[in-house]
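If you want the working numbering, it's the position in the sequence shown, counting the first as 1, plus 153.
The beta-carbon is built from N, C-alpha and C at its ideal position, and this holds for glycine as well.
Since the model is a prediction, treat every value here as computed from it, not as a measurement.
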Amino acid sequence: MSFTWGTMLFQVVAILILMFLLKRYALGPVMKVMNERSEHIEQQITTAEQNRAEAEKLVAEQKEALSQARQEAKDLLERARAQKEREAEEIIRDARERAERMISEAKSEIVSEKEQAIQELRDEVGTLSVMLASKMIEKEIKAKDQSALVKKYLNQVGELQ
């Protein structure tokens, strides 16, 4: 094999032309596609980070809203419990007042009926005394008979009560 400078020069020129053509028509578009793909990936990463940040923000807002809803529910339950206690106390107070009023009315009625019974008893005793006196006057009886008669009328008064 012999080494010829002409062939070598031709091969070097052919390789240079091939490299120029590859760079211009093959590597250029491939590099352009690679750069576009790289930019697209970077853009997707940026969008994903923005979406993640927005999602975290929404999660935080939802947690805050849930916390507020729980607090409002707790406050509502506390107000309802306090209202229930106030109403229960009012019912108890009204019942006590009504009971005291009924007791007072019953005591007044008892006193009134007692006074009426005493008055009726006095009237009856007075009537019986008059009857006893008139019978004693009608009969002139001895002391022994008089004592028996008084006991008899007192027993009658006791039976009437």
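According to DSSP, is residue i part of a helix, a strand, or is it coil?
i	result
Thr-200	helix
Thr-160	helix
Mind checking residue i: buried by the 16 CB within 10 Å criterion, or exposed?
i	result
Leu-230	exposed
With residue i and residue j assumed to form a contact (beta carbons below 8 Å), what rounded beta-carbon distance in angstroms separates them?
i	j	result
Leu-285	Val-264	Incorrect: roughly 31 Å between the Cβ atoms, too far for contact.
Tyr-306	Leu-274	Actually they do not touch by this definition, with Cβ atoms about 14 Å apart.
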